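Undergrad: Please see the structure below; I have some questions.
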Amino acid sequence: MAKREAHYTDYLPEILEVASREGVLLVVEGADGRPNAMTIGWCTVGVIWGKPILTALVRPSRHTYGLLEKAGDFTVNVMPADMKEAVNFCGTKSGRGHDKFAEMKMTAAPSRAVASPIIAEGVIHYECRVLYKNDLPDDVLEGPIRDAFYPQGDYHRIYYAEIVAAYADEDVRERISGP
Numbered sequence: 011m012a013k014r015e016a017h018y019t020d021y022l023p024e025i026l027e028v029a030s031r032e033g034v035l036l037v038v039e040g041a042d043g044r045p046n047a048m049t050i051g052w053c054t055v056g057v058i059w060g061k062p063i064l065t066a067l068v069r070p071s072r073h074t075y076g077l078l079e080k081a082g083d084f085t086v087n088v089m090p091a092d093m094k095e096a097v098n099f100c101g102t103k104s105g106r107g108h109d110k111f112a113e114m115k116m117t118a119a120p121s122r123a124v125a126s127p128i129i130a131e132g133v134i135h136y137e138c139r140v141l142y143k144n145d146l147p148d149d150v151l152e153g154p155i156r157d158a159f160y161p162q163g164d165y166h167r168i169y170y171a172e173i174v175a176a177y178a179d180e181d182v183r184e185r186i187s188g189p
């Protein structure tokens, strides 16, 4: 299906809903040219420094973290409802030991503005270039948040990335809601 350009806010409610429900797939390409997909549910979209920004949180213990540190860009892909198994797989298996694209029969396709690929089967795509990153310090979190989400002290790095391209399938709303 042909992808049409979109304003980054055109599908914002859908992106945030899917991210909070089952997650979206962040894709980064390794130095070896192999893409890796990681499910993220913690992300926001807004305006910082007069630019459209997507923030994504990635723990240093994740395989994606090392790839992202070297690549400096990534894509965010909203998958159709019939690919929930792939989203779950990418959130529970590590790219250190799995080729997630091959195992889930996902197709890496060239992006329009960044080096990291999109997932061709996705229905909404953001291409993002990292502008700034910051480690989440433990001493500023409220106790209940720290206790619930960081019992081992594995705090996230927050990536602030400019959305440099956004596009989607024509029938996106039907495909993300499912039957």
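Heads up, my numbering is the position in the sequence shown plus 10, with the first residue counted as 1.
Think of the CB as a built atom: it goes at the ideal place given N, C-alpha and C, for glycine as much as any other residue.
This structure is a prediction, so every number in the text was calculated from the model and none was measured.
1. Who does L146 pair with in a DSSP beta bridge?
2. Can you have a look at I58 and say buried or exposed, based on whether 16 or more other CB atoms are within 10 angstroms of its CB?
3. According to the neighbour-count rule (16 or more other Cβ atoms, all chains shown, within 10 Å of its Cβ), is A12 buried or exposed?
4. Consult DSSP for P154 and reduce its assignment to one of helix, strand or coil.
5. Provide the residue(s) that pair with H135 in DSSP beta bridges, ordered along the chain.
6. Please state the DSSP three-state secondary structure of K103.
7. Taking the alpha carbon of E15 as the reference point, which residue from R185, E180, I186 and E184 has its own alpha carbon closest?
8. Taking C-alpha atoms, which residue in V140, M114, V150 and D145 lies nearest to A130?
9. Let's test the definition: count the other Cβ atoms within 10 Å of the Cβ of G43 and tell me whether it reaches 16, buried, or not, exposed.
TA: Short version:
1. Answer is none; L146 lacks a bridge partner.
2. exposed
3. exposed
4. helix
5. N87 and Y177
6. coil
7. E180
8. M114
9. exposed
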